[in-house]
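K.L.:
The structure's right below; bear with me while I get my questions together.
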Amino acid sequence: MRQRGTFTYPRTFRAFIRLVKQIMEEAVTRKFVHEDSSHIISFCAAVEACVLYGLKRRAAGFLRSNKIAALFMKVAKSFPLAEELCRKVQDLEQLLENKRNQMQGVQESVRKAQKLPNLSPQAIKHLWIRTALIEKVLDKIVLYLVENCNKYYEKEALLMDPVDGPILASLLVGPCALEYTKMKTADHFWTDPSADELVQRHRIHSSHCRQDSPTKRPALCIQKRHSSGSMDDRPSMSARDYVESLHQNSRATLLFGKNNVMVQPRDDMEAIPGYLSLHQSADTMTLKWTPNQLMNGSVGDLDYEKSVYWDYAMTIRLEEIVYLHCHQQVDSGGTVVLVSQDGIQRPPLRFPRGGHLLQFLSCLENGLLPHGQLDPPLWSQRGKGKVFPKLRKRSPQGSSESASDKEEDEATDYVFRIIYPGSQCEFVAQELIDPQGGGLPSMWQPSTRKSSCSSCSQSGSSDGGPSNGCNHERAPLKMLCDNMKYQIVSRAFYGCKS
C-alpha cells in the first residue's frame, strides 16, 4: 500500500502502469498481441483490482460473487456502451454454460457452441474486463466510473482521487486501441523481451550470417519510377505492412527513428512533417522518410493505398550517398542534405530541436562500423558522449585574427564524407577540394561495387600497376564530370541553404 494525503491505494495501481507499458512495447516489437498473452491476463487482473478497490457494497451487490459483473450491470442502466457489453458477456457466459453441460440435444446451442473460442481458465476468470478490452469499450466505461465516482465508490477509492482516477482512465486508451489476435502460434504463450534485448539478439545473429539466403529475402519490394530514386519510391507490398516495417522487426535493425522531421517534397509546396528511420539489414543500410499522414492513417481507409503522400515518401540506400551536409541553425534543430555519387542532392531533412541531428549522425556512424566511417569522425567528450568535431572556419591567408577569435569562430556547418577504408575501389573526392586543379574523379560508382569489365581488370592486375578503374567506363563518366564540374563542386562543398 502507498499513501497519498488521506487516501490509500493498492500496489496494483503501480503494477497496472507497468503492464500498460509492457503491452504497448509488445505491440510495437511484434505485429500482433495475442488474447491469451500473459501480459493481457495480468493486465485484466490489475484493472479489475483497481476498479473494485473502494467500491460501495451497494454498487457491488450484497450477495453477488462476481462484483465486477454487478458493477457493470448497474452502469448499464445509465450507459449504453455498458449495456451492450453486458449483453455480449451474458451471451458468452450462456454459451460457456451450454458447452459445460454438453447440451447437444438443442441444435441451436450446438451451432453456437462450435463458434465459441477456446478460453483459458484465466480468461474466463476475468471475462468481463477481457471482453470490454477486446471490444474497445473498457476505457470509456472506466472514464464513466471516474466521472460518476460519487455514486459508486467510497472516499478512499482509487477512482475517487482527482489525479490517479483520470490517469487510470487515460492509460486504458492505448490498450483499447490495439488489435488482438486469436491466431495460434508457436510462441503465443510467452511474451517478447524488451526492445533493447531484441536489438542485441538481432545484432548477434546478423554478425554470424552476413549473407541472406534466397528464402530470407525481404518482403518489401521498392519500385523505382525515376532515376533519382529519392522521392518516388513506392512499396509494392501492402501499405500498412510497409508502415509496420518501419518499426523494429526481425528483418532489419532499427538504428534511429524520429518523428516530425520536415521535408519539402517539391518546390511548389510547403515542408511537411514525417517519420525518419534508419534501418540496417545484413548487407545494406537504408534511410526512410514517411509522411505523418501515412504513419497515423489519417487519409482514410479507402484512399490509403492510393494516397498522393506515397509519392513523397523516400527510401535512400546509404551506399549511394557520398556526402552529408549538416547546417545548424539557431532557430531549429539543424538540417541534413544528402549528396549522392552523381552530385544530385536529396531534399533537405530538417530536424526538430533537441539534439536530434547529432543523435542521427551518431547512430549512422555506429551503423557504418566496422566497414565504413564518417570523415571527419564525431568526437567523444567525457560527460556528453558524441559531439561535433571542433573544426574552425577557414580564414583568408594573411588574416590577423587573434587566437581567441579563432576559438570562438567554430564551424556550424559540416560536410561529412562516408568512406569505406577497406574497399578496393574507394571513391576519391579529394580533387574536388581544389577547383583550380582541373582534375575531377575519374569514376563515380558505389564503393562496394567492383568493375564489371573483366578484361580490363585482368590486364591491370597483370601489369602490376594500380588499377583505378576500367577505361571503357572512365571515358563517359569523365565526360559527364567535365560537363557538370562547377555544379558538382558547388553542391558538394557549399551545400544548399534555403
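Residues -6 to 491 (my numbering) are what the sequence shown spells out, left to right.
Using N, Cα and C, we set each Cβ at its ideal position, and we do this for glycine too.
Fair warning: this is a prediction, and the values are worked out from it, not measured in the lab.
1. Bridge partners of residue 406, per DSSP?
2. May I ask which residues mark the beginning and end of the alpha helix (DSSP H) holding residue 326?
3. Whole angstroms is fine: what's the gap from residue 64's alpha carbon to residue 72's?
4. For residue 8, name the three-state secondary structure that DSSP assigns.
5. Could you say which of 251, 319 and 323 lies nearest to residue 288 if we only look at CA atoms?
6. Excluding the 5 residues flanking residue 5 on each side, which residues of the same chain have their C-beta closer than 7 angstroms to its C-beta?
7. Is the beta carbon of residue 74 less than 8 angstroms from the beta carbon of residue 130?
8. Excluding the five sequence neighbours on either side, which residues of its own chain have a C-beta within less than 8 angstroms of the C-beta of residue 358, listed in chain order?
9. Report yes if the C-beta distance between residue 167 and residue 13 is below 8 angstroms; otherwise report no.
10. Buried or exposed for residue 177, please, with buried defined as at least 16 other CB atoms from any protein chain shown within 10 angstroms of its CB.
11. Which residues in the same chain have their Cβ closer than 6 angstroms to the Cβ of residue 209, if we skip the five residues on either side of it in sequence?
12. Could you give the residue range of the alpha helix (DSSP H) that holds residue 49?
13. Are three or more beta carbon pairs between the region 138 to 154 and the region 113 to 128 nearer than 8 angstroms?
14. Going by C-alpha to C-alpha distance, which of 138, 342, 313 and 302 sits closest to residue 321?
15. Select from 284, 144, 78 and 314 the residue whose C-alpha is nearest the C-alpha of residue 51.
16. Mind checking residue 35: buried by the 16 CB within 10 Å criterion, or exposed?
17. Can you find the residues in the same chain that come closer than 6 angstroms, C-beta to C-beta, to residue 255, ignoring five residues on each side of it along the sequence?
18. Leaving out five residues on either side along the sequence, give the residues of the same chain with a beta carbon under 6 angstroms from the beta carbon of residue 345.
19. For residue 302, which residues in the same chain have their Cβ closer than 6 angstroms to its Cβ, ignoring the five residues on either side in sequence?
20. Could you tell me which residues DSSP pairs with residue 284 in its beta bridges?
21. Looking at C-alpha atoms only, which residue of 8, 49 and 311 is the closest neighbour of residue 32?
22. Count the other C-beta atoms from every protein chain shown that fall within 10 angstroms of the C-beta of residue 339, then say buried if there are 16 or more, exposed otherwise.
23. From 258, 161, 139 and 349, pick the residue whose C-alpha is nearest to that of residue 153; which is it?
24. Would you kindly work out how many angstroms separate the C-alpha atoms of residue 85 and residue 137, rounded to a whole number?
P.N.:
Quick answer:
1. 320
2. That residue, residue 326, is in no alpha helix (DSSP H); it is neither H nor E in DSSP.
3. 12 angstroms
4. helix
5. 251
6. 39, 42 and 43
7. yes
8. 366, 367, 370, 371 and 379
9. yes
10. The predicted model places residue 177 with a pLDDT of 47, which falls under 50 and marks its position as unreliable, so this point remains unresolved.
11. Low per-residue confidence applies at residue 209: pLDDT is 37, beneath 50, and the placement is therefore not dependable, though the value from the model is reported in the following sentence. Correct list: empty, nothing qualifies.
12. Looking at the DSSP string, residue 49 is not in any alpha helix (DSSP H), and its letter there is neither H nor E.
13. no
14. 342
15. 144
16. buried
17. 264, 266 and 343
18. 253 and 326
19. 284, 286 and 287
20. 267
21. 8
22. buried
23. 139
24. 24 angstroms
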